[in-house]
Amino acid sequence: MGFSDLTADGCLDMMFVHPEFQGLGVASSLLRRVEEKARTLGFRRIYTEASRTAQSFFERKGFRVISRQTVEKRGQSLENFLMDKHYAE
Numbered sequence: 001m002g003f004s005d006l007t008a009d010g011c012l013d014m015m016f017v018h019p020e021f022q023g024l025g026v027a028s029s030l031l032r033r034v035e036e037k038a039r040t041l042g043f044r045r046i047y048t049e050a051s052r053t054a055q056s057f058f059e060r061k062g063f064r065v066i067s068r069q070t071v072e073k074r075g076q077s078l079e080n081f082l083m084d085k086h087y088a089e
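For the sequence shown, counting from 1, position 56 maps to 56 in my numbering; every step adds exactly one.
This is the structure:
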């Protein structure tokens with residue numbers, strides 16, 4: 001159905017939802033779990049490098065764009081967005 005990963009420095013490193021389950025709230029549920037874990041660990045901020053298609057999802061969830069980036073993967077240049085979300089103490 002889907003998975004996500006939070007690194008030790010507060011990076012939401014991966015979030016994947018199988019296409020058959022997209023639009024059913026799976027990504028929202030995964031993000032809620034990641035945010036709960038981040039708060040439990042005392043993080044005041046998490047960040048991610050969101051694809052163009054994921055950018056609007058993260059913006060709706062309270063993330064802000066810090067910068068637009070171009071990264072190279074397997075010889076291809078891809079655009080993504082460094083985004084973060086801060087939490088109150």
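Where is the CB? At the ideal position from N, CA and C, for every residue including glycine. These numbers were taken from a predicted model, which means no experiment stands behind them.
(request) Kindly identify the DSSP beta-bridge partner or partners of V34. (result) On the sequence shown, residue 34 is found 34 positions in, with the first residue counted as 1. Answer is none; V34 lacks a bridge partner.
(message) Tell me the rounded alpha-carbon separation between T48 and H18.
(response) Position 48 of the sequence shown, counting from 1, holds the residue named residue 48. Position 18 of the sequence shown, counting from 1, holds the residue named residue 18. So the alpha carbons of these two residues sit roughly 19 Å apart.
(request) Would you mind giving the Cβ-Cβ distance between F81 and Q69, rounded to the nearest angstrom? I have them listed as a contact below 8 Å. (result) Translated into positions along the sequence shown, residue 81 becomes position 81. Translated into positions along the sequence shown, residue 69 becomes position 69. Contact holds; Cβ gap of about 7 Å.
(message) Mapping the DSSP letters down to three states, classify Q22 as helix, strand or coil.
(response) Counted from its first residue, the sequence shown places residue 22 at position 22. Q22: coil per DSSP, three-state reduction.
(request) Look at the Cβ atom of Y87, then the Cβ atom of R52, and state whether they are nearer than 8 Å. (result) For this step, residue 87 is matched to residue 87 along the sequence shown. For this step, residue 52 is matched to residue 52 along the sequence shown. No. Outside cutoff.
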